[in-house]
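Presented below is the structure to which this report refers.
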Amino acid sequence: MKRPLQITLLALSGLGVLHASLFSDLYLRYVKEGMRPLLIGSGLLLLGLAVAEAWWGRKDAEQPEEAEGGKGGRAGNGHERHAGFEDGHERHAGFEDGHERHAGFEDGHERHAGFEDGHERHAGFEDGHERHAGFEDGHERHAGHGHDHSHTPKVAWLLFLPALSLLLYAPPALGAFTASRETPKAVAEEDHFDPLPATSPLPITLTDFTQRVQQDRERAIEGRTVQMTGFVTPAGDGDGWYLTRLMLSCCAADAQSVKVRIHGVQAPPADTWVTLTGTWHPSGTLGTKSAAAALDAHTLKKIPKPTNGYTDALPLTPP
Numbered sequence: 001m002k003r004p005l006q007i008t009l010l011a012l013s014g015l016g017v018l019h020a021s022l023f024s025d026l027y028l029r030y031v032k033e034g035m036r037p038l039l040i041g042s043g044l045l046l047l048g049l050a051v052a053e054a055w056w057g058r059k060d061a062e063q064p065e066e067a068e069g070g071k072g073g074r075a076g077n078g079h080e081r082h083a084g085f086e087d088g089h090e091r092h093a094g095f096e097d098g099h100e101r102h103a104g105f106e107d108g109h110e111r112h113a114g115f116e117d118g119h120e121r122h123a124g125f126e127d128g129h130e131r132h133a134g135f136e137d138g139h140e141r142h143a144g145h146g147h148d149h150s151h152t153p154k155v156a157w158l159l160f161l162p163a164l165s166l167l168l169y170a171p172p173a174l175g176a177f178t179a180s181r182e183t184p185k186a187v188a189e190e191d192h193f194d195p196l197p198a199t200s201p202l203p204i205t206l207t208d209f210t211q212r213v214q215q216d217r218e219r220a221i222e223g224r225t226v227q228m229t230g231f232v233t234p235a236g237d238g239d240g241w242y243l244t245r246l247m248l249s250c251c252a253a254d255a256q257s258v259k260v261r262i263h264g265v266q267a268p269p270a271d272t273w274v275t276l277t278g279t280w281h282p283s284g285t286l287g288t289k290s291a292a293a294a295l296d297a298h299t300l301k302k303i304p305k306p307t308n309g310y311t312d313a314l315p316l317t318p319p
């Protein structure tokens, strides 16, 4: 890939990462909040590399090419000269150095066709120094002047797509489509539960509600009106719908869901964020694994999507 394209790709990637992490909260769609400092550092590093590459490229362009000085009579690099090879080995016109002569080969060393005495050949100077046509001794080539004429693979252009997407189009966050295909996360086992506050409705997370329903032997959640927030995920079987939250361990690739089945109110469109109140929907034995994490909804209110939707947080607004 040509240097200008490399610089452009580095700059676009750095700007895209900074746009998502420093100048907006788009990074929360892909990684946990704690990853922000690392993303900012990565974006600054990419921009720094782009600036450094541009500076070095300009510096190289300002330096005179060594090969340019050899044109007009100085094509030789210390071993021979193009016109007369006057370095002590031979001269093109008459080879007067004591080794051979062009006219008569009187020293018994070479032949007219190819100077095969181990020194050089007339056509190609293959003695390890250079060839007449192309100076292949590592200094320069007469035809190509050391330039790279290789072609950039077409697949390399695909590298621009993720860089541009961060600047022009940010993929949406995970939602109902992912949650409907994920097995709900198993909640942690709790041996002891603190008494519930007397607040009504009681703000509670989906995880805490599930733990109280399936593990609290005191059945403190029974009959209590609770309030929860999440997004809508269709159930798929026609019986209610799910209030859902997605949580990340590191990034969107390891997202896990926690769901509470909702009864009593019609489901809003998928991915709609809502806050609702209700009481536990009797199913199974409360305080045991047989109890379903389900709610009979009393009220429902649509709310804006939170900035960080990958947490199982308490309700955002009152019902």
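According to the UniProt record's numbering, the sequence shown is numbered sequentially starting from 1.
Yeah, the Cβ is synthetic: ideal placement off N, Cα and C, and Gly gets one too.
| query | What is the residue span of the alpha helix (DSSP H) that R224 lies within? | reply | Element bounds for R224: n/a, residue is neither H nor E.
| message | Using the three-state DSSP reduction, which class does G16 fall into: helix, strand or coil? | response | In the structure shown, G16 sits in a helix (DSSP, three-state: H, G or I).
| Would you call the stretch 251-266 and the stretch 171-183 touching, i.e. three or more CB-CB distances under 8 Å? | yes
| Per-residue burial, A297 [other beta carbons within 10 Å of its own, 16 or more giving buried] | buried
| query | Between L174 and the rest of its own chain, which residues show a CB-CB distance below 7 Å, the 5 nearest in sequence each way excluded? | reply | So the qualifying residues of the chain are L246, A252 and A255.
| query | Closest by CA to D312, which one among L206, I262, T299 and E222? | reply | L206
| message | By alpha-carbon positions, which one of Q6, H263 and R261 ends up nearest to A54? | response | Q6
| Within the chosen definition, does the stretch 36-48 reach the stretch 189-202 through at least 3 CB pairs nearer than 8 Å? | Taking 8 Å as the limit for Cβ pairs, the verdict is that the stretch 189-202 does not touch the stretch 36-48.
| query | DSSP puts P195 in a beta bridge; with which residues? | reply | P195 pairs with nothing; no bridge assigned.
| Under 8 Å between the Cβ atoms of R224 and T279? | Yes, Cβ-Cβ distance for R224 and T279 is below 8 Å.
| request: Check the DSSP bridge columns for K32 and list the partner residues they point to. | output: The bridge partners DSSP lists for K32 come to none.
| field | For V274 and K305, believed in contact at Cβ under 8 Å, the rounded distance | value | So it is not a contact: roughly 11 Å between Cβ atoms.
| task | Could you give the DSSP three-state label for L246: helix, strand or coil? | result | Correct three-state label for L246: strand.
| Residue nearest to Q214 in terms of C-alpha spacing, selected from E190, R36 and S21 | E190
| task | Go through its chain and collect everything with a Cβ distance to E33's Cβ below 7 Å, but skip five positions before and after it. | result | N308
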